[in-house]
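Participant:
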Amino acid sequence: MACRICSGRLHPFADFGSQPLSDAFAAPGGPPEPFAFRLAVGVCTGCSMVQLLEEVPRERMFHADYPYLSSGSSVMRAHFESLAGRLLDTELTGPDPFVVELGCNDGAMLAAIARAGVRHLGVEPSGGVADVAAAKGVRVRKDFFEAATAAAILAEDGPADVVYAANTLCHIPYLDSIMKGLDALLRPSGVFVFEDPYLGDIVERASFDQIYDEHFYFFSATTVRGLARRHGFELVDVERLPVHGGEVRYTLARRGARKPTPAVAALLAAEEAAALHEPATLHRFADRVAATRERLVELLTGLREQGARVYGYGATAKSATVLNYCGIGPDLITFVSDTTPAKQGRLTPGSRIPVRDPGAFADPYPDYAVLFAWNHAEEIMAKETGFAAAGGTWILYVPEVHLVRA
Ligand code: SAH
Ligand code: TYD
Ligand code: ZN
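Residue numbers for the sequence shown follow the working numbering, beginning at 747 and rising by one.
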């Protein structure tokens, strides 16, 4: 398997074995969903990009029934509205500006742009969530973004001032086509702004559940700078974000168009000092992950023996890796509570734990709840006051297995 960026040799460092698709919530009574692909991750010995070794065809992941909704978290809604405000204030100030979002999902960001009356387009292949965005007044093209899509958008709408993508670029193996598309679509002064889970945070927190079929790349300032340069762009800004367990927002501009901010050099230096892309660092990460599996299984098995009631909280895509890698099923976790209508009444992929609506979580409260949506811990812990009053305990597994009194 060769690097999808530079064709270099990949050095594998973590292998989770055969896995089902992470967002394939199955109907009960149906056939078990296939363990369709091998989930393993490696670092490129040429350009240092960390990436999956096996790719799942995009149409199998992103389709009309794709269940994930960006607006399921109030913190994320505020995050995207604030970003929309910032783009309107800083980048979309010329006459008749135009902004394109890749993977606009349910319109959490673009609805605010639409309300401001600014020309925009969301490119979203998952039809169900695209319809939700359209219902909020967002102009959506149901399509995968790639070079051909960019050419079609340019022909219809003209050049873009900003292209934005949140938690989407890391989902796309074919970045060569994406970068060519950006080169065609962006104005000479235009910028590409994107944010994704940060390799530095994943390694530091041993947050191995960020690794699943949809997350093909694990970006850093070092590797994003390299990717940009291959296509005539420059990394001109980086900003660390607290959301989703630690992300970086990258800004790319055409080479020479903008002066990089000091934050870029600072993050590059920090990555170098941490030896972030060195195989030894990544193998240490893999060792911590194996230890987490052992401790989590030991804890849950012990709780079952005590007769404790244990539920899951948040049927995240991330949890597919945790549950299937650790071999956790309905014998250890009775059900997983989740607010997403399209997940409720279904089973978690592979591990086949029922997903139920949050009403079930309180009826009665469990003794313990595994917080699979740990990236939304603050928001969830603040609102689950009933669980606290009932004397419940959260189980977290990042950065290592630990208990938190609710
Ligand atoms: N931006 C949202 C959604 C992230 S989920 C947020 O941050 O919450 C990733 C989204 O990317 C999905 O809605 C998926 O349908 C979309 N996607 C996947 N491949 C894509 C592509 N090639 N072009 C545009 N969107 C894509
Ligand atoms: P998230 O961690 O954002 O993403 P991913 O699926 O990519 O790992 O998913 C959060 C899930 O948790 C989503 O299915 C909605 C659910 N959720 C709740 O059930 N209650 C909540 O209060 C929040 C914030 C999320
Ligand atoms: Zn490479």
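Positions of the beta carbon are idealized from the N, C-alpha and C atoms, including for glycine.
When every heavy atom of ligand 3 is checked, does at least one fall within less than 8 Å of the C-beta of S768?
Facilitator: Every heavy atom of ligand 3 is 8 Å or more from the Cβ of S768, so no.
Participant: Drop a sphere of 10 angstroms on the beta-carbon of S764, count the other beta-carbons inside from all chains shown, and report buried for 16 or more, exposed for fewer.
Facilitator: With fewer than 16 Cβ atoms within 10 Å of its Cβ, S764 is classed as exposed.
Participant: In the DSSP assignment, the alpha helix (DSSP H) including L900 goes from what residue to what residue?
Facilitator: From DSSP, the alpha helix (DSSP H) with L900 extends over A893 to D903.
Participant: Below 8 Å, is the gap between the Cβ of I732 and the nearest heavy atom of ligand 3?
Facilitator: The question about residue 732 has no answer, for the chain in this structure spans 747 to 1152.
Participant: With 16 as the cutoff for other CB atoms within 10 Å, does S966 come out buried or exposed?
Facilitator: Answer is buried; the Cβ neighbour count reaches 16.
Participant: From S820, R750, G1096 and R784, pick the residue whose C-alpha is nearest to that of H990; which is it?
Facilitator: Closest by alpha carbon: S820.
Participant: Does DSSP classify S966 as helix, strand or coil?
Facilitator: It is coil, neither helix nor strand.
Participant: If contact is defined by three or more beta carbon pairs under 8 Å, each pair taking one atom from either stretch, is the region 830-846 in contact with the region 901-916?
Facilitator: The region 901-916, when compared against the region 830-846, does touch it at the 8 Å Cβ threshold.
Participant: Considering only heavy atoms of ligand 3, does any lie closer than 8 Å to the CB of S816?
Facilitator: Flag unset: Cβ of S816 not near ligand 3.
Participant: For Y963 versus Q797, is the C-beta spacing smaller than 9 Å?
Facilitator: Yes; because the gap between Cβ atoms is below 9 Å, this pair is in contact.
Participant: Would the beta-carbon of M795 be found less than 8 Å away from any heavy atom of ligand 2?
Facilitator: No, Cβ of M795 sits at least 8 Å from all heavy atoms of ligand 2.
Participant: For Q956, count neighbouring C-beta atoms within 10 Å of its own C-beta (all shown protein chains included) and say buried if the count is 16 or more, exposed if not.
Facilitator: Looking at its Cβ environment, which holds 16 or more other Cβ atoms inside 10 Å, Q956 is buried.
Participant: Comparing the CB of Y1059 with every heavy atom of ligand 4, is any distance shorter than 8 Å?
Facilitator: Looking for ligand 4 in the displayed structure turns up nothing; the ligands present are ligand 1, ligand 2 and ligand 3.
Participant: Report all residues from its chain with a CB closer than 6 Å to the CB of A1009; omit the five preceding and five following residues, and keep chain order.
Facilitator: If we look at A1009 and ignore the five residues flanking it on each side, its Cβ neighbours are V984.
Participant: Is the region 1124-1135 touching the region 1014-1029, taking contact as three or more C-beta pairs under 8 Å?
Facilitator: The region 1124-1135 is not in contact with the region 1014-1029.
Participant: Could you tell me if P1112 is buried or exposed, where buried requires 16 or more neighbouring beta carbons within 10 angstroms of its beta carbon?
Facilitator: When all chains shown are included, P1112 counts as buried.
Participant: Tell me whether the region 934-951 and the region 864-884 touch, counting them as touching only if at least three CB pairs, one residue from each stretch, are closer than 8 Å.
Facilitator: With a cut-off of 8 Å, the region 864-884 and the region 934-951 do not count as touching, because too few Cβ pairs lie within range.
Participant: On the DSSP letters alone, give me the boundaries of the beta strand (DSSP E) that G1058 sits inside.
Facilitator: Residues V1056 to Y1059.
Participant: Kindly identify the DSSP beta-bridge partner or partners of C790.
Facilitator: L756.
Participant: With the cut-off set at 9 Å, would you say Y944 and G992 are in Cβ contact?
Facilitator: Cβ distance < 9 Å, so Y944 and G992 count as in contact.
Participant: When the Cβ atoms of the region 848-857 are set against those of the region 812-828, are three or more pairs found closer than 8 Å?
Facilitator: Because the criterion of three Cβ pairs below 8 Å is met, the region 848-857 and the region 812-828 touch.
Participant: Does ligand 3 have even one heavy atom less than 8 Å from the beta-carbon of G754?
Facilitator: Yes, Cβ of G754 sits closer than 8 Å to a heavy atom of ligand 3.
Participant: Once DSSP output is grouped into helix, strand and coil, what is the label at F954?
Facilitator: DSSP places F954 in helix when its eight states are reduced to three.
Participant: Run the CB neighbour count on T914, radius 10 Å, all protein chains shown included, and call it buried at 16 or more, exposed below.
Facilitator: Counting Cβ neighbours within 10 Å, T914 comes out buried, since at least 16 surround it.
Participant: Given that a residue counts as buried once 16 or more other Cβ atoms are within 10 Å of its Cβ, and exposed if not, what is T1038?
Facilitator: Its Cβ being crowded by 16 or more others within 10 Å, T1038 is buried.
Participant: Measuring only the C-alpha atoms, how far is D903 from I1141?
Facilitator: Going by the C-alpha atoms only, they are around 49 Å apart.
Participant: Quick check: G1096 and L1117, are their CB atoms within less than 9 Å of each other?
Facilitator: No, the pair does not count as a contact, with Cβ atoms beyond the cut-off.
Participant: For G1138 versus A1115, is the C-beta distance shorter than 9 Å?
Facilitator: Result yes, Cβ atoms of G1138 and A1115 sit closer than 9 Å.
Participant: Per the contact definition of three or more C-beta pairs closer than 8 Å, is the region 1051-1065 in contact with the region 1073-1082?
Facilitator: Touching, yes.
Participant: Is A1015 buried or exposed, if buried means 16 or more other CB atoms sit within 10 Å of its CB?
Facilitator: Exposed is the call here.
Participant: Identify the residues that DSSP records as bridge partners of Y1143: which are they?
Facilitator: Answer by DSSP bridge pairing: none, since Y1143 is not bridged.
Participant: So, is R1001 buried or exposed, given that buried needs 16 or more other C-beta atoms within 10 angstroms?
Facilitator: When all chains shown are included, R1001 counts as exposed.
Participant: Going by other Cβ atoms of all chains shown within 10 Å of its Cβ, with 16 needed for buried, is D1109 buried or exposed?
Facilitator: Exposed, since its Cβ has fewer than 16 Cβ neighbours within 10 Å.
Participant: Is there at least one non-hydrogen atom of ligand 2 closer than 8 Å to the beta-carbon of P1104?
Facilitator: Result yes, Cβ under 8 Å from ligand 2.
Participant: Using DSSP's beta-bridge definition, name the partner residues of L998.
Facilitator: According to DSSP, L998 bridges with F938 and L981.
Participant: If you compare alpha carbons, which of G776, M807, R750 and D761 is closest to M795?
Facilitator: When each option's Cα is compared against that of M795, the closest is R750.
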